[in-house]
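Student: This is the structure I have questions about; it appears just below.
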Amino acid sequence: MQLPIILSAILPLLFVPGDSTGKAGIVGVVVGVVSWLVFLVDYIVHQRRTNHLTRTGRGKFDLIVVIFTAPWFLLPGAQTGAWVLVLRLARLIRVLLVSKGARRLLERVGSIALVALGVVLIGAYIAYRAEHPTNPGFATFGDALWWGLVTLTTVGYGDIVPHTTVGRWAGAFIMVTGIGVLGLLSGSLASFFRPSDDATASTADAPGDAPPADPMGALVEQIAALREQVTDLTTRLGDGSSR
């Protein structure tokens, strides 16, 4: 069910039935109904195979997704395309929550986002207090927040520039943090798309793919076997000379 679930979460976002432009048409209706049936079947199967599913947080969330994303747009007067699109985003969230790799990625990104938000708020506040009396670019705290966000992402529009020493130190602090945040984010995305350890282990254990032997151990074994052959040959030569 993995591929049907993923398609049923993504395709309805592209074809919204009953939208104001009328571009979806019959394709949007078919996609909406079929995708809902896929999620309904998935929920019924989990309900039958899991005890007390509705008592868990995941079971409640799945039930809410099934109910609110039902093909209500087929009812007269219920064709609100924008609301249908927003509700169907819950399906995509459900797919992300089920995937272990996606949950791990969300946890890492959440931690990184909290650190970045704290740095931007603190740096913007310090820069605002230092720059506001003399720098018209920091007229409001919102301007300082905009400057902090632009500095953190290393975009550097240059529309707001600190003039005081304290403001520049605050900007340098945000810059250094921004480089670290981007590096952590890139690493998290790379680990998300990299094959898991279980998949790597299963590939290594596959028939015909034996792990490489220890070269030093193989050399020691060969030397021991050679010694035995030399000893055996010496014994044979000694027996022949005695005769």
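Going by our numbering, the first residue of the sequence shown is number -15, and it counts up by one from there. Here a beta-carbon is modelled for each residue, glycine too, at the ideal position from N, C-alpha and C. Note that this is a predicted model, so its numbers are computed, not measured.
Taking one C-beta from the segment 23 to 43 and one from the segment 100 to 110 each time, how about it: are there three or more such pairs within less than 8 Å?
Tutor: no
Student: When the Cα atoms are used, what is the spatial distance from Val160 to Arg42?
Tutor: 39 Å
Student: What do you reckon, are the CB atoms on Thr13 and Leu(-5) nearer than 8 Å?
Tutor: For clarity, residue 13 is Val in the given sequence; the question names Thr instead. Contact flag unset, no.
Student: Between Ala74 and Phe45, what straight-line distance do the alpha-carbon atoms span, to the nearest angstrom?
Tutor: One C-alpha to the other measures close to 9 Å.
Student: Determine the DSSP secondary structure at Asp143, reduced to helix, strand or coil.
Tutor: coil
Student: Can the beta-carbon of Gly155 be found closer than 8 Å to that of Pro146?
Tutor: yes
Student: Here's the rule I'm using: 16 or more other beta-carbon atoms within 10 Å means buried, otherwise exposed. How should Ile158 be labelled?
Tutor: buried
Student: If we ignore side chains and look at the alpha-carbon of each, how far apart do Ala114 and Ala54 end up?
Tutor: 54 Å
Student: Gly135: buried (16+ other C-beta within 10 angstroms of its C-beta) or exposed?
Tutor: Inspection of the sequence shows that residue 135 is occupied by Thr rather than by Gly. Buried.
Student: Just to confirm my understanding: we take Thr149, look at its own chain, exclude 5 residues before and 5 after, and list those with CB closer than 7 Å. What are they?
Tutor: none
Student: DSSP on Thr230, reduced to helix/strand/coil?
Tutor: Since the displayed the chain opens at -15 and closes at 227, residue 230 lies outside it and no answer follows.
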